[in-house]
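Asks:
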Amino acid sequence: MRSVYISIVFVLGLLSCTSGGKGVMKSSEEAVEVVSVVADSVVTKQLFITTLQPNYAVVIQPRVSGYLSAKMFSNGMPVKRGQVIFRIDDRQQRANMLAAKADYATAKANAIEAENNYNRAVPLVAIDAISQAQFDQYKAQYEAARASTASAEQRLKNSQLEVEYTTIVSPINGVISASEAYVGDFVGPGSKFATLTRIENVDTLCVNIAIPMSHYLELSGRRSFTYNNAGLLSDITLSLADGSEYPFKGSYSYTKSAVADTEGTIIIVVTFPNPDYLLKSGQFARVRANVGAYREQITVPASAVRQIQGVASVWVVEADSTAYYRQVDIVSSDGKTVAVEGLKVGERVVVDGNARLSNGQKVKVL
């Protein structure tokens, strides 16, 4: 029986060497691919979450009072500059205009009579046919008639303007809001409907880019706030809701004058052209832009950096082929290359095979 037992142990040993023995003979070194850390001239690229806003808007307020006779637009639809959007019953204004025309005609007739009397008096006073006092009276009547004519003419022009004001047109191209006034409502200054609607210009939309003041000073290289930041942002792009990139680039418009005390940020306004009305006011926007000037920074391929619960890290391979875990800070990223802090030029980082490593493990560099 002892010889049988020895034989079984020997056979099991052979099986272990030919099958399970592979685990014993396997090397602990992982094969990894590495790259050397380099310094590159890069710009800080940032993502800003914001909303699109109209570049500007106008409030439509009637200049004359009257009953609304027509509403000539659809709520929320585009309107063109000069397009008629409201009409106010103009019968009262036209009656006033006719009265003003009559007053103007009367004033002109009186002015002609006064002018003729004055012209006849000029030679008569020269030969003492009339007194100087009588001549002065003719002259005063002529000047008063001229003034009355000018006043009547102005009243006529004002009445004509009031007739024109009963037709309300859009002053800009844009999207018109709904109106609370309906046909038959009394509208105008001092009435319940002193404001009829609002038109937003959507040929160009804008976004507010908020940058913390401390970060702004670091990026701009300035010690204080400045009102002209045209050179601070570049390559401004907008991502649409489906993830695609909007075909038109954004451009710097202006910097808002006040710094928000509660947020400690400055607001830079960026505009995007909207010729096809693809963008809509209030739309969620993801804006990416290069912020600040190009600076020399440590860069590695994006595949070298792992992020778990907001913590970024890399695997650094020392000269003795030992891999060590190291936490880094991400400065910026363009999707392919990441600028980081926490590495030195010349150090080697793992770009392939880093998911299987443990700290202090020997690796085989490919």
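Numbered by my numbering, the letters in the sequence shown go through residues 1061 to 1426 in order.
Ideal placement from N, C-alpha and C gives every residue a C-beta, glycine not left out.
The structure displayed is predicted, hence computed values, not measured ones.
(1) Take every Cβ of the region 1096-1110, pair it with every Cβ of the region 1247-1265, and state whether three or more of those distances are shorter than 8 Å.
(2) Among Gly1142, Ala1415, Val1371 and Met1137, whose alpha-carbon lies nearest the alpha-carbon of Gly1402?
(3) Quick check on DSSP: helix, strand or coil for Pro1231?
(4) Give me the Cα-Cα distance between Ser1230 and Glu1260, rounded to the nearest whole angstrom.
(5) When we look at the beta-carbon of Asp1336 and count the other beta-carbons within 10 Å, is it buried (16 or more) or exposed?
(6) Specify the secondary structure class of Arg1180 as computed by DSSP and reduced to three states.
(7) Do Ala1270 and Phe1253 have their beta-carbon atoms positioned less than 7 Å apart in this structure?
(8) Helix or strand or just coil, what does DSSP make of Glu1175?
(9) Using a threshold of 7 Å, state whether the C-beta atoms of Val1410 and Val1092 are closer than that.
(10) Less than 7 Å between C-beta atoms, sequence neighbours within five positions excluded: which residues of the same chain meet that for Ser1129?
(11) I need the boundaries of the beta strand (DSSP E) containing Gln1357, first residue and last residue.
(12) Among all the DSSP beta bridges, which residues are the ones paired with Asp1412?
(13) So what does DSSP say about Lys1424, is it helix, strand or coil?
(14) What ranges does the alpha helix (DSSP H) occupy inside the region 1258-1294, keeping only unbroken runs of at least 4 residues that lie completely in it?
(15) In whole angstroms, what separates the C-alpha of Pro1138 from that of Asn1233?
(16) Where does the unbroken beta strand (DSSP E) through Thr1040 begin, and where does it stop?
(17) Which residue's Cα is closest to the Cα of Ser1219: Gln1153, Cys1266 and Gln1121?
(18) Is there a C-beta anywhere in chain B that falls below 7 Å from the one on Gly1136?
(19) Would you list the residues sitting across from Leu1128 in a DSSP beta bridge?
(20) With DSSP as the reference, label Thr1166 as helix, strand or coil.
(21) Please report the residue range of the beta strand (DSSP E) in which Thr1209 lies.
(22) Between the region 1386-1402 and the region 1111-1122, are three or more C-beta pairs nearer than 8 Å?
(23) What residues in its chain sit with their C-beta under 8 Å from that of Val1351, if we drop five residues either side in the sequence?
(24) Considering Ile1390, what are the terminal residues of the beta strand (DSSP E) in which it resides?
(25) Tell me, please, whether the region 1155-1167 touches the region 1179-1191 by the rule of three or more beta-carbon pairs shorter than 8 Å.
(26) Per DSSP, what are the beta-bridge partners of Gln1367 in this structure?
(27) Beta-carbon within less than 7 Å of Lys1086's beta-carbon, same chain only, minus the 5 sequence neighbours each way: which residues are those?
(28) In the DSSP assignment, the beta strand (DSSP E) including Gln1113 goes from what residue to what residue?
(29) Which of the three DSSP states is assigned to Leu1158 in this structure?
(30) Closest to Ile1296 by C-alpha separation, out of Asn1289, Gly1310, Tyr1314 and Val1124, would be which residue?
(31) Across which residues does DSSP place Gln1106 in a beta bridge pair?
(32) Taking Cβ positions, are Met1132 and Val1223 nearer each other than 7 Å?
(33) Quick check on Ala1399: does DSSP put it in helix, strand or coil?
(34) To which residues does DSSP link Asp1100 through a beta bridge?
(35) Can you have a look at Val1405 and say buried or exposed, based on whether 16 or more other CB atoms are within 10 angstroms of its CB?
(36) Determine the closest residue to Arg1366 out of Ile1187, Glu1175, Arg1386 and Asn1170, with distance taken between C-alpha atoms.
Replies: Well, looking at it:
(1) Output reads no: the region 1247-1265 does not touch the region 1096-1110.
(2) Nearest option by C-alpha distance: Val1371.
(3) Pro1231: coil per DSSP, three-state reduction.
(4) Distance between the alpha carbons of Ser1230 and Glu1260 is about 11 Å.
(5) Exposed, since its Cβ has fewer than 16 Cβ neighbours within 10 Å.
(6) Here Arg1180 sits in helix by DSSP.
(7) No Cβ-Cβ contact shorter than 7 Å links Phe1253 with Ala1270.
(8) The three-state secondary structure of Glu1175, taken from DSSP, is helix.
(9) In contact: Val1410 and Val1092 (Cβ atoms closer than 7 Å).
(10) Closer than 7 Å at Cβ, skipping near neighbours: Arg1147, Ile1148, Asp1149 and Val1243.
(11) Its beta strand (DSSP E) spans residues Phe1344 to Pro1361.
(12) Its beta-bridge partners are Glu1093.
(13) Secondary structure of Lys1424 (DSSP, three-state): strand.
(14) Taken in chain order, the whole alpha helix (DSSP H) runs of length 4 or more contained in the region 1258-1294 are 1273-1280.
(15) Cα to Cα, Pro1138 sits roughly 7 Å from Asn1233.
(16) Residue 1040 lies beyond the residue range present for the chain, which begins at 1061 and ends at 1426; the question has no answer from this structure.
(17) For Ser1219, the nearest C-alpha among the options comes from Gln1153.
(18) The structure shown contains no chain B; it is built from a single protein chain.
(19) The partner list for Leu1128 (beta bridge, DSSP) reads Ile1148.
(20) Here Thr1166 sits in helix by DSSP.
(21) Element bounds for Thr1209: not the beta strand (DSSP E) but the alpha helix (DSSP H), Gln1192 to Tyr1225.
(22) When C-beta atoms of the region 1386-1402 are compared with those of the region 1111-1122, fewer than three pairs fall below 8 Å, so the two segments do not count as touching.
(23) These residues qualify, in order along the chain: Val1103, Thr1104, Lys1105, Gln1106, Ile1271, Leu1279, Leu1292 and Leu1293.
(24) Note, Ile1390: beta strand (DSSP E), Thr1382 to Ser1393.
(25) These segments do not touch.
(26) Looking at the DSSP assignment, Gln1367 forms a beta bridge with Ala1372.
(27) Bear in mind that a pLDDT of 39 at Lys1086, under 50, signals an unreliable position, so the number given afterwards is only what the model happens to contain. Closer than 7 Å at Cβ, skipping near neighbours: no residue.
(28) It spans Gln1113 to Ile1120 - the beta strand (DSSP E) in which Gln1113 sits, taken as one unbroken run.
(29) Leu1158: helix per DSSP, three-state reduction.
(30) It is Gly1310 whose Cα lies nearest to the Cα of Ile1296.
(31) Gln1106 is bridged to Ala1349.
(32) With a cutoff of 7 Å on beta-carbon distance, Met1132 and Val1223 are scored as not near each other.
(33) DSSP, read as helix, strand or coil, puts Ala1399 in strand.
(34) The partner list for Asp1100 (beta bridge, DSSP) reads Gln1357.
(35) The residue in question, Val1405, is exposed, as its Cβ has fewer than 16 Cβ neighbours within 10 Å.
(36) Residue Arg1386 is the option with its Cα nearest to Arg1366.
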